[in-house]
Amino acid sequence: MRRRPRPERSERRTVEPSARRSGKPPGRTSLLAAAAALFAELGYDAVTTRQILERAGVEAPSLYHHFGSKLGLYRAVLAESSEPFVESFAQLGGRLRASSPGDVRLRLRELVWAMFQGQLRNPEAFQIALFEVSRPGPRRYDLIAVWEQLRDVFRSTIDAGIASGELELRQSSSEVAANLFLGGLTVYLQLHQVGRQRGLTRRLAGQIADTLVEGIAARTSRSGRVVSAGRGAA
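Note that the numbering used here has the sequence shown beginning at -1, numbered continuously upward.
#1: Leaving out five residues before and five after P121 in sequence, what residues of the same chain have Cβ atoms less than 8 Å from its Cβ?
#2: Would you report the Cα separation of F179 and E85, rounded to the nearest angstrom?
#3: Shortest alpha-carbon distance to G70 belongs to which of E57, Y42, L202?
#4: Output the boundary residues of the alpha helix (DSSP H) element that contains I126.
#5: Is DSSP giving A215 helix, strand or coil here?
#6: Which residue comes first and which comes last in the alpha helix (DSSP H) that contains Y72?
#7: Excluding the 5 residues flanking S28 on each side, which residues of the same chain have their C-beta closer than 8 Å to its C-beta?
#8: Pull up the distance between the alpha-carbon of P99 and that of P134, whole angstroms please.
#9: By Cβ distance, which residues of its chain are closer than 8 Å to I50, with the 5 residues on each side in sequence left out?
#10: Can you give the Cα-Cα distance for L177 and A58, rounded to whole angstroms?
#11: For the stretch 106 to 125 against the stretch 190 to 207, are there 3 or more C-beta pairs whose distance is under 8 Å?
#12: Going along the chain, which residues of its own chain have a beta-carbon closer than 6 Å to the beta-carbon of L187, five neighbours each way excluded?
#13: Whole-angstrom Cβ separation of E164 and A88, contact assumed at under 8 Å?
#14: DSSP three-state call for L167: helix, strand or coil?
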């Protein structure tokens, strides 16, 4: 009986070393990358499990082992992009308040710039989030909680500016101001995503921050007395 020829080295199926040692199906990273690309391109409903498996180059048991289902994979894609960013964004806000306690404009510029960088580094996650928040029905992932956590970083920065006398809010609240901040820059993120904003630059981040701060900056009259924004000097 003739022996079958052994496959060439390039034809042999490789298994990740960690998976070989543990006996667990490989492919978690490739599944996340493939799913993120497909969900961003087509949206959750239009993507099939087979498409994800084919792009990732793995078998179905790997997906079910790591994520349980297509929905579990979808939630993991959003969680693994949003949660580390929210954590680092909150840490940045704390560092800025400690290092620049008397310059609220600088702190807000840096926060806007950090938001820009987040989208530039991971445009797929932002596109998936746009699909999710615009679809009717129950949410598959709590993006409102992500929004609120980002909003609270802006709110804490604005509160610090009010405490230092740099900002003044007489008929509103820091929460309203923070929502306007985050909402305004989200418009630019969306415009960039669809190709209507040419660049998310540090200069643009400064312009957005400065323009919004102008509305709540404390005004000083010629006599040195602080007056509310928009009412002019006494």
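Quick reminder that beta carbons are idealized off the backbone N, C-alpha and C, glycines included.
This is what the structure holds:
#1: Translated into the one-based positions of the sequence shown, residue 121 becomes position 123. Cβ within range, chain order: A38, Q191.
#2: The residue given as residue 179 occupies position 181 in the sequence shown. The residue given as residue 85 occupies position 87 in the sequence shown. Rounded to whole angstroms, F179 to E85 spans 19 Å at the Cα level.
#3: Walking along the sequence shown from the start, residue 70 turns up at place 72. Taking only the C-alpha atoms, the option nearest G70 is Y42.
#4: The residue given as residue 126 occupies position 128 in the sequence shown. Run containing I126: 121 to 132, per the alpha helix (DSSP H) assignment.
#5: The count along the sequence shown starts at 1 and reaches residue 215 at position 217. Three-state result, A215: strand.
#6: Within the sequence shown, residue 72 is the residue found at index 74, counting from 1. From DSSP, the alpha helix (DSSP H) with Y72 extends over 68 to 97.
#7: Reading the sequence shown from its first residue, position 30 is the one you call residue 28. A54, G55, V56, listed in sequence order.
#8: Looking up residue 99 in the sequence shown gives position 101. Looking up residue 134 in the sequence shown gives position 136. In a straight line, the C-alpha of P99 is about 43 Å away from that of P134.
#9: Counting from one through the sequence shown, the residue named residue 50 turns up at place 52. For I50, where only same-chain residues beyond five positions count, the Cβ hits under 8 Å are L29, A32, A33, L36, L61, K68, L71.
#10: Here residue 177 refers to the residue found at position 179 of the sequence shown. Here residue 58 refers to the residue found at position 60 of the sequence shown. The displayed chain sequence assigns Asn, not Leu, to residue 177. Taking the straight line from one Cα to the other gives about 42 Å.
#11: yes
#12: Along the sequence shown, read from residue 1 onward, the residue named residue 187 stands at position 189. So the qualifying residues of the chain are Q117.
#13: Taking the first residue of the sequence shown as 1, we reach residue 164 at position 166. Taking the first residue of the sequence shown as 1, we reach residue 88 at position 90. The pair is not a contact, with the Cβ atoms about 21 Å apart (cut-off 8 Å).
#14: Within the sequence shown, numbered from 1, the residue matching residue 167 stands at position 169. Shown here, L167 sits in coil according to DSSP, grouped into three states, outside any helix or strand.
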